[in-house]
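Chains as they are written, first to last, in the numbering used here: chain A, -18 to 4; chain B, 16 to 367.
Beta carbons: idealized from backbone N, C-alpha and C, even for Gly.
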Amino acid sequence: CNKADLGPISLNWFDELSSEAPP
Amino acid sequence: HSIEQTEIADLPACDSLNPGYLQLVSKLKNPSGSCSVDVSAMWWERAGLKEPCIITACEYAVSLWKPLDTWQWKNIYTWHFTEVPVLQIVPVPDVCNLVCVALGNLEIREIRALFCSPDDGSEKQLLLKSGNIKAVLGLTKRRLVNSSGTLCDHQVEIMTFAEDGGNKEKQFLMPPEETVLTFAEVQGMQEALLGTTVMNNIVIWNLKTGQLLKKMHIDDSYQASVCHKAYSEMGLLFVVLSHPCAKESESLGSPVFQLIVINPKTTLNVGVMLYCLPQGQAGRFLEGDVKDHCAAAVLTSGAIAIWDLLLGHCTAFLPPVPDQNWSFVKWSGTDSHLLAGQKDGNIFIYRY
């Protein structure tokens, strides 16, 4: 598969999603 | 109580460059007359000695077997159930001397903890949860997650056991607005938990905070997918799914497992690999287990097939023996063995 099809990737996705999600 | 058997299992050739190898090392027969439903392996400590034991479940009895010399097994404890039958064994990693079971008819109605009294060594059971339970999974760090209720009162709950199996803490995770059907831990990320839902979404939680981080819709080609394993690599989430409702397709063969990759930031996802049966073999996924890079499934044909997820193909195929369909298969959590069972109570242990 092509990585570009998946959009911008973040190695730190778990922490970033945790800071964005409602508590 | 125990039978020793050492023989080489017949293995039909697979279309594989590096064929897997299954050697039958032991067999045990559940003495209960009721239908055999599940098997598992776990550590159990007696008189200061921790041993890799086998747990077998029949409809109305769960038995613990300790290893003797030369691959023989001795039944040391049996827990009996009178009202509700056992559906599955739920091992809880990192907890010694305690195993959980799910009981019910078609759906789970109860989760019980099975253990032994420290005073007199007698079998004890404790009701942990009752109700309309949809899914349950034992997690690392002595945790047990379950989803229960219907749409308006859907709950996702984590119980944490103390080191000795006692004193459990409870915590709720934010429920998605739909029923969670299966759970999977994310390998190497102890605070991340995945779930698959009835609407073919994958949801991800932060176990520390209870937050629902993301709901990600996956391909509608397969409904009611079961999530077996997940790991995060280079910022992407790789998930191994099975598709019990998949139709057999001539062009694709029979996809039993599938590896998909998800970008959790964007929720965009794509299929990476389909794990199909060797040519000439038919059947759909009935039941299965994934450990490390090995996936095993019981098929509707009554056979067991094993895939190496890295190689991408079936490495071993176990036809029904003798005139008995396989009905469940598990990887041992204590070593690299495959535990395969038949409804009549025969459990076969293979070295893979």
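- In this structure, the straight-line span from the alpha carbon of Ser(-9)(A) to that of Val40(B) is close to 46 Å.
- Annotation: Phe253(B) is outside any alpha helix (DSSP H); the continuous beta strand (DSSP E) that includes it extends over Leu251 to Ser257.
- Taking the C-beta atoms as reference points, Thr330(B) is found no nearer than 8 Å to Ile319(B).
- With contacts defined as CB atoms closer than 8 Å, Val271(B) and Val305(B) fail to qualify as a contacting pair.
- Only exposed fits Tyr36(B), as fewer than 16 other CB atoms lie within 10 angstroms of its CB.
- When secondary structure is reduced to three states using DSSP, Trp(-6)(A) falls in the helix class.
- Going by beta carbons, Ile219(B) and Ala207(B) fall inside the 8 Å limit.
- Burial is judged here by how many other beta carbons sit within 10 angstroms of a residue's own beta carbon; Gly327(B) has fewer than 16 and is exposed.
- Using beta-carbon distances, Pro279(B) counts as an interface residue toward chain A, with a partner under 8 Å.
- Those residues of the region 196 to 211 of chain B placed with their C-beta closer than 8 Å to a C-beta in chain A are Met204, Glu206 and Ala207, ordered along the chain.
- For Ala207(B), the enclosing beta strand (DSSP E) begins and ends at Met204 to Thr212.
- Straight-line measurement puts the Cα of Met189(B) at about 19 Å from the Cα of Met204(B).
- Within 10 angstroms of the beta-carbon of Ala150(B) lie 16 or more other beta-carbons, which makes it buried.
- Beta-carbon to beta-carbon, Ser347(B) and Lys358(B) are separated by about 20 Å, too far to satisfy the 8 Å threshold.
- Each residue's CA atom was taken as its position, placing Glu302(B) and Cys260(B) some 12 Å apart.
- Less than 8 Å divides the Cβ of Val213(B) from the Cβ of Glu193(B).
- Close partners of Ala(-15)(A) in chain B (Cβ separation under 7 Å) are lacking, with about 10 Å as the shortest Cβ gap.
- The Cβ atoms of Leu228(B) and Ser0(A) lie no closer than 8 Å to each other.
- The three-state reading of DSSP puts Ser78(B) in strand, counting E and B together.
- Per DSSP, Leu292(B) has no beta bridge partner at all.
- Ala311(B) carries a strand assignment under DSSP once its states are collapsed to helix, strand and coil.
- In the DSSP assignment, Ala72(B) falls within the beta strand (DSSP E) that extends over Leu64 to Cys73.
- In the three-state reduction of the DSSP assignment, Ser0(A) falls in the helix class, which pools H, G and I.
- Look at Lys306(B): its C-beta is not under 8 Å from any C-beta on chain A.
- From the beta-carbon of Lys229(B), the residues of chain A found nearer than 7 Å are Leu(-2).
- Listed in chain order, the positions of the region 282 to 299 of chain B with a beta carbon within less than 8 Å of a beta carbon of chain A are Leu283, Asn284, Val285, Gly286 and Val287.
- Every beta strand (DSSP E) of 3 residues or more that sits fully in the region 99 to 158 of chain B is shown, in chain order, as 101 to 105, 114 to 119, 123 to 131 and 138 to 154.
- Residue-level contact by beta carbon holds for Gly250(B) and chain A, with a gap shorter than 8 Å.
- DSSP, reduced to helix, strand and coil, places Trp341(B) outside both helices and strands of the structure shown, so it counts as coil.
- Looking at the DSSP output, Gly303(B) sits in a beta bridge with Ala312(B).
- Beta-bridge pairing by DSSP links Pro270(B) to Cys291(B).
- Bridge partners of Lys183(B) according to DSSP: none are assigned.
- Contact note: Asn221(B) reaches chain A through Ser(-1), using a C-beta cutoff of 7 Å and chain order.
- Residue burial is scored here from C-beta neighbours: Met288(B) has at least 16 other C-beta atoms within 10 angstroms and is therefore classed as buried.
- Between Gly(-12)(A) and Lys280(B), the gap from beta carbon to beta carbon is short of 8 Å.
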